[in-house]
Each structure stands twice: as C-alpha cells, then as structure tokens.
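Below is one structure, written out as structure tokens; the observations come after it.
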Amino acid sequence: MLFDRDGTLIRDVPYNGDPRLVEPMPGATEALGRLRRADIPVAVVTNQSGVARGLVTPDEMDQVNAKVEELLGPFDAWAICVHDDADGCTCRKPAPGLVIRAAAVLDVSPRDCVVVGDIGRDMEAAMAAGARGILVPTLETLPEEIEEALEVADDLADVVERVLNDAGEAPVPAAAAPWARAMGWSRW
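Sequential numbering from 4 applies to the sequence shown in our numbering.
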C-alpha cells in the first residue's frame with residue numbers, strides 16, 4: 004500500500020520543515036499496524052515541492068520524514084518528488100512516477116498497489132500507473148475531486164478494512180526485496 008504523506012498519514016502543514024509539527028492523522032498508527040501485521044508492505048509517495056521552491060531544505064525534509072517514521076513506524080519504501088509543477092518531471096503526482104518507483108522498490112507491479120491519498124492528484128497518479136486509488140477526503144479535498152474519485156473511503160480504518168477484505172480473496176505480495184529498506188528515501 005502506498006500512502007500520500009501530507010493530509011493522509013500526517014496533518015498537512017504546508018511546506019513543513021519542522022519535525023516538531025508532525026502530527027499523525029487520526030487512525031494512522033492503528034491502520035498501519037493492521038497492515039504490517041497482515042504482512043502488507045507500506046510505502047510513502049509524496050510530492051515535496053517546497054524543496055524546489057527553497058522553502059524547505061532536503062535535510063529539513065529528511066528530518067520531517069524521520070519523525071513520521073518515529074511516530075508511525077518504519078516504511079518499506081519512500082518515493083519523494085522534490086520538483087515543482089513547472090519542472091515537468093515524470094515523478095510529481097499526478098504523473099505516475101512515484102507510484103512506479105515505490106512499486107519497483109517493493110518488487111511488485113503497480114497494478115498490485117493501492118494508492119491512498121487525500122486529493123485528486125493522488126488518484127490521478129494511481130490511475131496513470133494502473134494502481135487502485137482510494138481517496139480519503141479531508142476539509143481541503145475539493146468536492147469535484149470526491150465526485151471524480153473511483154473509490155472514496157471514510158477514513159484510514161475504512162481503507163484498511165477494504166484492503167484486508169480484498170486480500171483475503173487475492174493475497175497481496177509482501178515486499179520481496181530485502182534490500183528495499185536499506186535503499187533509504189528515493190528522491191527524483
């Protein structure tokens with residue numbers, strides 16, 4: 004399972020470079036715990052344009068990500084886009100690059116991934132990569148993003164329940180690559 008960071012796993016603090024401001028979203032710790040106990044790999048796919056804009060240093064971003072792991076446990080992979088929209092990269096959501104990269108690190112097909120996010124860009128990236136997208140709306144989610152989403156969940160607990168029910172029907176492969184964790188955060 005691939006999770007957006009800001010607004011999905013942690014409260015969205017725009018261009019946050021301060022680990023003291025990291026606060027898990029309600030139910031994030033429990034949801035991730037259930038997935039890990041079910042041997043479902045978890046990864047983060049996140050746009051961090053604050054780096055390209057000079058609002059956050061790479062070191063500050065890494066400190067925030069370390070705090071996320073301290074609070075929510077280790078992730079099997081991180082795929083991070085540090086570009087801005089104007090850079091025209093293939094990794095920045097809604098492009099599929101982050102989803103494809105995280106799937107590669109987990110040694111699974113993007114088609115076997117579920118992308119969980121709070122905005123339309125997350126769902127567009129999932130669709131572009133051939134993954135299943137589940138939108139968990141927040142107050143910042145636009146009404147048209149909710150309407151356009153193929154699947155909408157109430158919260159992270161609802162997402163996990165759906166995925167675990169589906170996993171009972173068709174097993175989700177665990178991360179096969181023991182080196183995935185050692186690779187660290189993948190910045191494009």
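Beta carbons: idealized from backbone N, C-alpha and C, even for Gly.
(message) Please classify ASP90 as buried or exposed, where buried requires at least 16 other C-beta atoms within 10 Å of its C-beta.
(response) A residue is called buried once 16 or more other Cβ atoms fall within 10 Å of its Cβ, and ASP90, having fewer, is exposed.
(request) Could you name the residues of the same chain whose beta carbon sits closer than 7 Å to that of ASN50, not counting the 5 residues immediately before and after it, in chain order? (result) Its chain contains CYS84, ARG95, LYS96 as the residues whose beta carbon lies nearer than 7 Å to that of ASN50, once the 5 sequence neighbours on both sides are disregarded; these appear in chain order.
(message) Taking the straight line between their C-alpha atoms, what separation do you get for ARG165 and GLY36?
(response) About 15 Å.
(request) Use the C-beta contact count for GLY136: other C-beta atoms within 10 angstroms, 16 or more gives buried, fewer gives exposed. (result) Classification for GLY136: buried.
(message) Taking the alpha helix (DSSP H) that ILE149 belongs to, which residues open and close that run?
(response) For ILE149, the enclosing alpha helix (DSSP H) has its first and last residue at 146-151.
(request) Taking only the alpha-carbon atoms, compute the straight-line gap between ALA134 and LEU75 and give it to the nearest angstrom. (result) The straight-line gap from Cα to Cα measures roughly 24 Å.
(request) Measuring alpha carbon to alpha carbon, tell me which of VAL45, GLY10, PRO44 ends up nearest MET28. (result) Answer by Cα proximity: GLY10.
(request) Taking only the alpha-carbon atoms, compute the straight-line gap between GLU72 and PHE78 and give it to the nearest angstrom. (result) GLU72 and PHE78: Cα-Cα distance of roughly 7 Å.
(message) Nearest by alpha-carbon distance to VAL54: which of ASP88, GLU143, VAL108, VAL47 is it?
(response) If we check each option's Cα against that of VAL54, ASP88 comes out closest.
(message) Just to confirm the assignment, what range does the beta strand (DSSP E) spanning VAL47 have?
(response) Taken as a continuous stretch (DSSP letters only), the beta strand (DSSP E) holding VAL47 covers 46-50.
(request) Would you check if the region 143-156 and the region 16-34 touch, i.e. whether three or more CB-CB distances between them fall below 8 Å? (result) Result no; under three Cβ-Cβ pairs closer than 8 Å.
(request) May I have the straight-line CA-CA distance separating ARG104 from GLU127, to the nearest angstrom? (result) Here the alpha carbons of GLU127 and ARG104 stand approximately 16 Å from one another.
(request) Per DSSP, which residues does VAL119 bridge with? Please list them. (result) Among the bridge pairs identified by DSSP, VAL119 is matched with PHE6, ILE137.
(message) Within the continuous beta strand (DSSP E) that includes ILE200, where are the two ends?
(response) It is not possible to answer for residue 200, since the shown part of the chain is limited to 4 through 191.
(message) What does the alpha-carbon distance come out to for the pair ARG124 and MET130?
(response) One C-alpha to the other measures close to 10 Å.
(request) Closer than 6 Å by C-beta to PHE6: which residues in its own chain qualify, once you throw out the five before and the five after it? Chain order, please. (result) Leaving aside the five residues that flank PHE6 on each side, the residues in its chain whose CB is nearer than 6 Å to its CB run, in chain order, LEU12, VAL47, VAL119.
(message) What would DSSP say about ILE43, mapped onto helix, strand or coil?
(response) Reduced to three states, the DSSP call for ILE43 is coil.
(message) Mapping the DSSP letters down to three states, classify PRO17 as helix, strand or coil.
(response) Three-state DSSP puts PRO17 in coil, outside helix and strand.
(message) Give me, in chain order, the residues of the same chain whose beta-carbon lies closer than 6 Å to that of HIS86; leave out the 5 immediate sequence neighbours on both sides.
(response) Cβ neighbours of HIS86 beyond the five flanking positions: ALA55, CYS92, ARG95.
(request) Go ahead and pull the three-state DSSP assignment for PRO77. (result) DSSP places PRO77 in coil when its eight states are reduced to three.
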